[in-house]
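See structure below.
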Amino acid sequence: MINLSRVSLICSLSILAFITYGCSNGNANASSATAKPVNGFNIEDIANFNEPWAMTFLPGESAKALITEKGGKLFLFEEGREAIQIAGVPTVDYGGQGGLGDVVLSPNFENDSIVYLSWAEAGDNNTRGAVVGRAKLNMNDSNSLENMEIIWTQFPKVTGRGHYSYRIAFSPNGKYLFIGSGERQKFDPSQDMDSNMGKIVRLYPDGSIPKDNPFYTEGNAIRSQIWSLGHRNILGLAFDSQGQLWNQEMGPAHGDEVNLVKAKANYGYPIVSNGNHYNGDDIPDHSEGDGFEAPKVFWNPTLAPSGLIAYTGDMFPEWKGSLMLGGLAGQALVRLKIDGEKLTKADKWPMEARIREVEQGPDGALWLLEDGNGGKLRKLTPK
Ligand SMILES: [Ca+2]
Ligand SMILES: [Ca+2]
25 MINLSRVSLI
35 CSLSILAFIT
45 YGCSNGNANA
55 SSATAKPVNG
65 FNIEDIANFN
75 EPWAMTFLPG
85 ESAKALITEK
95 GGKLFLFEEG
105 REAIQIAGVP
115 TVDYGGQGGL
125 GDVVLSPNFE
135 NDSIVYLSWA
145 EAGDNNTRGA
155 VVGRAKLNMN
165 DSNSLENMEI
175 IWTQFPKVTG
185 RGHYSYRIAF
195 SPNGKYLFIG
205 SGERQKFDPS
215 QDMDSNMGKI
225 VRLYPDGSIP
235 KDNPFYTEGN
245 AIRSQIWSLG
255 HRNILGLAFD
265 SQGQLWNQEM
275 GPAHGDEVNL
285 VKAKANYGYP
295 IVSNGNHYNG
305 DDIPDHSEGD
315 GFEAPKVFWN
325 PTLAPSGLIA
335 YTGDMFPEWK
345 GSLMLGGLAG
355 QALVRLKIDG
365 EKLTKADKWP
375 MEARIREVEQ
385 GPDGALWLLE
395 DGNGGKLRKL
405 TPK
């Protein structure tokens, strides 16, 4: 359901596109771009998407990216051009928090053209679960995905449509694939070693399991995947330039976290959290010596974080080496400063919209995707 007043505002400079496309399918209309300075940077509105969820830039100097829409569409976006819909996306179980999720490139994309996607897959008896698949992106004679193969499945499939997480990140050397697997709003799976829910898993790019994973010797197909546990709803996963893996996750009522992810570490959910249950029931806060890894930063009240990158560009020199993430409920862009294993809150810019995804363009510009119908693709450059 599109909120017409909001969409007409967003599309005020591209009425024709609104009529033709419902202002949703990657309406990359250069004439609609507006630049207004906000807190030290200019923001240009570049295009609109329908419930955009994730974005990743392609190699090269032009701003060319793949963008997912939660309803199940994948677009090839190029600045100044109409976005092209990519065929061959698998059927997704759309609803609640699920549908089509993350998109990332193979570490060897320039040679193998392989793209990784995550989505919600329906199971039997009204159950569903996240999966990760990979396919070849053909941009030559067709714009389509070929030979899609599922390489990872969330286990078990459960009822409900929340907390899939399904964020994907490759290690800097390209050797390992990390997947954030949410606890599906079922609480206990985060501590249950016979489920890969509420975990971060570590695989090889083909989905096979590295023998040096921390629980590999327990000889169980699920345990052997697990890298870290005690997570809730992981909506951002990124390596920094020192090779450290960070995740952000939504806490229960407040207590959103950014964690430095380490092998075998237990991040405590649902036993400890700096938030509490939505029904008001207390969850003890993280405390020294409780046996759980405490977050490096947390938010109370909530930010409802979404998206996560480590900024490496030259366009905003003062952001170099920082984590950048969005806020959904918090409607903000956030910068966190990394100092070794320490993390501190540096900046929080109000964006007056739910921010779903953050990415760095090839020239170092920062790109944001807003959440929801007609969600704007916005480009930030220095003032
Ligand atoms: Ca991304
Ligand atoms: Ca608490």
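First residue of the sequence shown? That's 25 in this note's numbering, and the numbers climb one at a time after it. We treat Cβ as the ideally placed atom computed from N, Cα and C, and that holds for glycine. In this text, all values refer to a predicted model and were calculated from it rather than measured experimentally.
Can you give the beta carbon distance from residue i to residue j, rounded, assuming they're within the 8 angstroms contact cut?
{"i": "I224", "j": "I258", "result": "7 angstroms"}
{"i": "D126", "j": "A144", "result": "In fact, because the Cβ distance is near 12 angstroms, the residues do not count as touching under 8 angstroms."}
{"i": "L390", "j": "E381", "result": "L390 to E381, Cβ: 11 angstroms. No contact."}
{"i": "E383", "j": "M79", "result": "5 angstroms"}
{"i": "D338", "j": "G267", "result": "About 21 angstroms separates the two Cβ atoms, so there is no contact after all."}
{"i": "G95", "j": "N74", "result": "6 angstroms"}
{"i": "G260", "j": "Q272", "result": "4 angstroms"}
{"i": "F99", "j": "I91", "result": "5 angstroms"}
{"i": "M274", "j": "R256", "result": "6 angstroms"}
{"i": "V321", "j": "I307", "result": "That pair is no contact at about 18 angstroms."}
{"i": "G222", "j": "Q121", "result": "The Cβ separation is near 15 angstroms, so there is no contact."}
{"i": "S142", "j": "Y190", "result": "4 angstroms"}
{"i": "N63", "j": "W373", "result": "5 angstroms"}
{"i": "W176", "j": "L124", "result": "So it is not a contact: roughly 16 angstroms between Cβ atoms."}
Can you tell me whether residue i is buried or exposed? The criterion is at least 16 other CB atoms within 10 Å of its CB, across all chains shown.
{"i": "M163", "result": "exposed"}
{"i": "Y291", "result": "buried"}
{"i": "H301", "result": "exposed"}
{"i": "N27", "result": "Confidence is the limiting factor: at N27 the pLDDT is only 33, short of 50, which leaves the residue's position unreliable and the question unanswerable from this model."}
{"i": "Y335", "result": "buried"}
{"i": "S232", "result": "exposed"}
{"i": "P341", "result": "exposed"}
{"i": "P329", "result": "buried"}
{"i": "N283", "result": "buried"}
{"i": "E207", "result": "buried"}
{"i": "Y188", "result": "buried"}
{"i": "E376", "result": "exposed"}
{"i": "L314", "result": "Reading the sequence as shown, one finds Asp at residue 314 and not Leu. Exposed, since its Cβ has fewer than 16 Cβ neighbours within 10 Å."}
{"i": "N150", "result": "exposed"}
{"i": "N303", "result": "exposed"}
{"i": "P229", "result": "buried"}
{"i": "P319", "result": "buried"}
{"i": "T326", "result": "buried"}
DSSP state of residue i, grouped into three classes?
{"i": "S205", "result": "strand"}
{"i": "E394", "result": "strand"}
{"i": "F263", "result": "strand"}
{"i": "R240", "result": "The sequence given here places Tyr at residue 240; Arg does not occur at that position. Here Y240 sits in helix by DSSP."}
{"i": "N66", "result": "strand"}
{"i": "N171", "result": "strand"}
{"i": "N271", "result": "strand"}
{"i": "E106", "result": "coil"}
{"i": "R378", "result": "coil"}
{"i": "S346", "result": "strand"}
{"i": "D99", "result": "Reading the sequence as shown, one finds Phe at residue 99 and not Asp. Looking at F99 - three-state DSSP - the assignment turns out to be strand."}
{"i": "E134", "result": "helix"}
{"i": "P213", "result": "helix"}
{"i": "S252", "result": "strand"}
For residue i, write down the residues that DSSP places opposite it in a beta bridge.
{"i": "P308", "result": "Note: P308 sits in no beta bridge, so no partner."}
{"i": "Y140", "result": "V128, R158"}
{"i": "E281", "result": "E273, F322"}
{"i": "N72", "result": "K400"}
{"i": "K372", "result": "V358"}
{"i": "K88", "result": "E102"}
{"i": "G119", "result": "G122"}
{"i": "V296", "result": "V296 is not bridged to any residue."}
{"i": "P406", "result": "F65"}
{"i": "N290", "result": "L253"}
{"i": "R408", "result": "In the structure as shown, the chain starts at 25 and stops at 407, and residue 408 therefore has no counterpart that could be examined."}
{"i": "I233", "result": "BP columns for I233 are empty, so no partner."}
{"i": "I258", "result": "E273"}
{"i": "A146", "result": "R152"}
{"i": "M79", "result": "I91"}
{"i": "A111", "result": "S168"}
- Go through the stretch 150 to 200 residue by residue and report every complete run of the alpha helix (DSSP H) that reaches 4 residues or more, in order. none
- Message: I'd like the ranges of any beta strand (DSSP E) spanning at least 3 consecutive residues and lying wholly in the stretch 317 to 370.
- Response: 321 to 323, 329 to 334, 346 to 351, 356 to 363
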